[in-house]
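K.L.:
Provided herewith is a single structure, encoded as structure tokens, for subsequent inquiry.
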Amino acid sequence: MAIGQFVKALAIVCSVFVMQQIAALPSAHAEPDLSGVWLPDIRDQKRQETANMPPWKPDILEQVQHLVAEEKAGRPFLVLSHCLPHGMPSWMLMTHNAFELLVTPGRITMLGEVDGNRMRRIYMDGRKPPEDPDLSLHGYSIGHWDADTLVIDTTSIVPQAYIAISEAVGIPNNGGMHIVEHIRLAEPNIMRDDLEITAPNVLTTTWKTTRIYRRYPERHYEVTEGECAQEDLVPGKDEHGNDIFVPNAQGAFGTVHTGK
Numbered sequence: 002m003a004i005g006q007f008v009k010a011l012a013i014v015c016s017v018f019v020m021q022q023i024a025a026l027p028s029a030h031a032e033p034d035l036s037g038v039w040l041p042d043i044r045d046q047k048r049q050e051t052a053n054m055p056p057w058k059p060d061i062l063e064q065v066q067h068l069v070a071e072e073k074a075g076r077p078f079l080v081l082s083h084c085l086p087h088g089m090p091s092w093m094l095m096t097h098n099a100f101e102l103l104v105t106p107g108r109i110t111m112l113g114e115v116d117g118n119r120m121r122r123i124y125m126d127g128r129k130p131p132e133d134p135d136l137s138l139h140g141y142s143i144g145h146w147d148a149d150t151l152v153i154d155t156t157s158i159v160p161q162a163y164i165a166i167s168e169a170v171g172i173p174n175n176g177g178m179h180i181v182e183h184i185r186l187a188e189p190n191i192m193r194d195d196l197e198i199t200a201p202n203v204l205t206t207t208w209k210t211t212r213i214y215r216r217y218p219e220r221h222y223e224v225t226e227g228e229c230a231q232e233d234l235v236p237g238k239d240e241h242g243n244d245i246f247v248p249n250a251q252g253a254f255g256t257v258h259t260g261k
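Residue numbers (the numbering used here): 2 to 261.
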């Protein structure tokens with residue numbers, strides 16, 4: 002009887018030990034650590050401005066060529082204006098500023114600096130896109146892990162959000178845009194974002210492009226608070242019929258709130 006109890010106890014101890022060893026082994030598909038502050042590879046951004054242009058529709062390409070010519074002439078168009086956030090996909094395409102990734106249960110949050118309300122939520126809790134979404138500049142992003150790759154699907158973006166390849170060259174998406182991203186670590190501190198951007202009103206086909214970001218843990222970068230003057234805007238159109246924001250009418254006292 003005593004021998005039987007000893008054998009049983011030994012078996013339990015061995016089982017616990019084996020389970021502990023298995024738990025200690027690294028998972029073949031462990032989620033990579035994306036947390037921290039990331040800086041864009043601006044040199045690569047500049048290269049892609051000419052090496053991988055979006056497949057603009059012919060009438061849109063004429064607008065882009067005009068913006069390029071104006072920039073060369075010293076009259077750059079301000080894609081980032083009125084303190085609006087970069088929006089998607091411009092944030093990932095052409096930002097020159099650092100952003101921080103916060104990884105929490107059920108969500109990944111991106112925090113940026115310089116312009117207004119630079120925050121993007123990527124929901125990781127298995128939810129579905131809302132049936133009647135409120136459109137926004139950053140859109141509604143739902144993500145999931147595919148092995149070691151973060152896949153993000155973004156919809157519900159306002160038509161005024163630019164597809165910008167630089168701070169002086171960009172076109173509003175004009176509605177119906179859909180963005181799919183595949184984010185992975187090429188190296189422990191080098192992150193690649195492979196974007197697939199579908200914008201049927203301005204692009205002839207889905208545009209595939211990649212952006213690179215670097216993390217410098219030894220330098221302890223932090224995102225900083227940005228400040229700018231506020232401006233009240235309303236939806237409008239430019240001379241080409243693109244969806245843009247325009248200043249609201251001002252009242253007698255320099256405010257948009259006019260009394261009757």
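All C-beta atoms, glycine included, are put in the ideal place defined by N, C-alpha and C.
Just so you know, these numbers come straight off a predicted model, no measurement behind them.
Would you mind stating whether V104 and S36 have Cβ atoms separated by less than 7 Å?
P.N.:
Translated into positions along the sequence shown, residue 104 becomes position 103. Translated into positions along the sequence shown, residue 36 becomes position 35. Yes, Cβ-Cβ distance for V104 and S36 is below 7 Å.
K.L.:
Using C-beta distances below 7 Å, list every residue in its chain close to A165, excluding the 5 sequence neighbours before and after it, in chain order.
P.N.:
Stepping through the sequence shown from its first residue, residue 165 is reached at position 164. Excluding positions up to five away in sequence, the list reads V80, S91, L94, M95 and G171.
K.L.:
Note the first and the last residue of the continuous alpha helix (DSSP H) segment covering K47.
P.N.:
Walking along the sequence shown from the start, residue 47 turns up at place 46. Run containing K47: I43 to A52, per the alpha helix (DSSP H) assignment.
K.L.:
From what residue to what residue does the alpha helix (DSSP H) around S142 run?
P.N.:
Position 141 of the sequence shown, counted from the first residue, corresponds to residue 142. S142 -> not in any alpha helix (DSSP H); beta strand (DSSP E) instead, spanning Y141 to D147.
K.L.:
Pull the bridge partners of D194 from the DSSP assignment, please.
P.N.:
Residue 194 sits at position 193 when you count from the first residue of the sequence shown. DSSP lists I184 and R212 as partners of D194.
K.L.:
In three-state DSSP terms, what is D126?
P.N.:
Stepping through the sequence shown from its first residue, residue 126 is reached at position 125. Three-state result, D126: coil.
K.L.:
Hey, quick one: how far does the beta strand (DSSP E) through V247 stretch, first residue to last?
P.N.:
To locate residue 247, count along the sequence shown from 1; it is residue 246. Note, V247: beta strand (DSSP E), D244 to P248.
K.L.:
So A165 is in the beta strand (DSSP E); what residue range does that whole segment cover?
P.N.:
In the sequence shown, residue 165 corresponds to position 164, counting from 1. For A165, the enclosing beta strand (DSSP E) stretches over residues Y163 to A165.
K.L.:
Name the residue from G176, L102 and T206 whose alpha carbon lies nearest to the alpha carbon of I245.
P.N.:
The residue given as residue 245 occupies position 244 in the sequence shown. For I245, the nearest C-alpha among the options comes from G176.
K.L.:
If we ignore side chains and look at the alpha-carbon of each, how far apart do N98 and P41 end up?
P.N.:
Position 97 of the sequence shown holds residue 98. Position 40 of the sequence shown holds residue 41. Approximately 7 Å, taken between the alpha carbons.
K.L.:
Starting from D154, trace the beta strand (DSSP E) both ways and give me its first and last residue.
P.N.:
Taking the first residue of the sequence shown as position 1, residue 154 is located at position 153. T150 to T156 is the extent of the beta strand (DSSP E) around D154.
K.L.:
Can you give the Cα-Cα distance for E72 and Q66, rounded to whole angstroms?
P.N.:
Working through the sequence shown from its first residue, we reach residue 72 at position 71. Working through the sequence shown from its first residue, we reach residue 66 at position 65. Going from the Cα of E72 to the Cα of Q66 covers about 10 Å.
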